[in-house]
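Presented below is the structure to which this report refers.
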Amino acid sequence: MSKIRENIDRLQERIAHAAERSGRDPQQIRLVAVSKTRSVEEIREAITAGITEIGENRVQEAWKKYQIIGDAITWHMVGHLQTNKVKRALQFFQLIHSLDSFHLAEEIERQAQTRGKVAKVLIEVNTSGEATKYGVPIANAQTLIEQVANFSHLQILGLMTIGPFTDDVNAIRSCFRQLRNLQEQISRANIPNVEMRYLSMGMTHDFEIAIEEGANILRIGTAIFGPRTE
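Using this note's numbering, you'd call the opening residue of the sequence shown number 79 and step up by one each time.
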């Protein structure tokens with residue numbers, strides 16, 4: 079058995095246990111394998127082991143891989159998206175996790191209209207307040223959603239956040255709980271054309287906490303592919 083397959087099997091067990099502890103169905107939790115800097119061969123190995131969704135941080139790197147691997151899997155844009163990369167991103171990413179400004183929303187809307195498609199997006203929220211992170215401040219998230227809700231070629235399907243880079247479990251849990259509370263707040267607001275279907279949160283170091291707090295999309299790299307060698 080390959081190391082990547084072993085890692086995926088072990089990871090799926092941990093996901094299932096975390097879901098069961100929380101009274102949740104593990105089948106309702108989507109696993110996105112984050113393959114930034116990973117080779118096409120490694121990605122193919124993960125696909126052979128059962129991975130069906132791949133996340134990438136950089137459009138150009140992902141595009142090169144997509145041209146080889148194609149549409150056999152679902153492609154997620156999980157990194158910061160620059161406006162000058164939107165046109166390319168919409169050619170193959172099925173879900174963009176990182177909409178965090180009105181300016182970016184306008185460009186996604188414009189490019190999606192040109193392509194005659196509806197871009198599916200999540201709003202990236204900076205729940206930790208760390209200045210080094212992208213994401214709309216939590217206090218401004220609903221306003222941004224209301225501003226772009228009527229765009230006809232952009233569909234908001236949920237929220238995304240990155241937990242703080244800390245070993246403080248309480249700090250991590252607080253950020254994830256804030257995102258879940260925001261999800262509930264926006265759901266109650268009944269904003270037209272907005273769905274709060276997905277909570278994308280949880281990476282290798284904190285995905286079990288994320289599951290306990292309601293995540294249904296996990297973005298995991300190291301626990302699948304091993305430590306990066308870059």
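Every residue, glycine too, gets a C-beta built ideally from N, C-alpha and C.
Taking a C-beta distance under 8 Å as the contact criterion, residue 159 and residue 167 qualify as a contact pair. Under the three-state reduction of DSSP, residue 133 is assigned to strand. Residue 146 and residue 183 have their C-alpha atoms some 29 Å from each other. With a cut-off of 8 Å on Cβ pairs, the region 241-252 is not in contact with the region 182-196, counting fewer than three such pairs. A residue is called buried when at least 16 other Cβ atoms come within 10 angstroms of its Cβ; residue 181 does not meet this threshold and is exposed. Nearest in C-alpha terms to residue 207, of all of 298, 217, 108 and 276, is 217.
Assignment of beta-bridge partners to residue 112 by DSSP yields 133. Per DSSP, the beta bridge partners of residue 276 are 236. In the structure shown, residue 197 adopts extended strand secondary structure according to DSSP, grouped into three states. Residue burial annotation: residue 262 is exposed, with fewer than 16 other C-beta atoms found within 10 angstroms of its C-beta. Residue 118 has no beta-bridge partner at all, per DSSP.
Inclusion of residue 299 and residue 113 in the CB contact set at 8 Å is warranted, their separation being smaller than that value.
Of the residues assessed, residue 87 falls on the exposed side of the cut-off, its CB having fewer than 16 other CB atoms within 10 angstroms. If you draw a 10 Å sphere on the C-beta of residue 284, you find 16 or more other C-beta atoms in it, and that means buried. Looking at the DSSP output, residue 153 sits in a beta bridge with 132. The Cβ-Cβ distance between residue 291 and residue 266 does not fall below 8 Å.
In this structure, DSSP gives residue 175 an extended state, which the three-state scheme calls strand. Assignment of beta-bridge partners to residue 296 by DSSP yields 109. Between residue 295 and residue 108 a beta carbon distance of about 5 Å is seen, short of the 8 Å cut, so the two are scored as contacting. In this structure, DSSP gives residue 104 a helical state, which the three-state scheme calls helix.
Boundaries for residue 282: no alpha helix (DSSP H) harbours it, and the DSSP string shows neither H nor E there.
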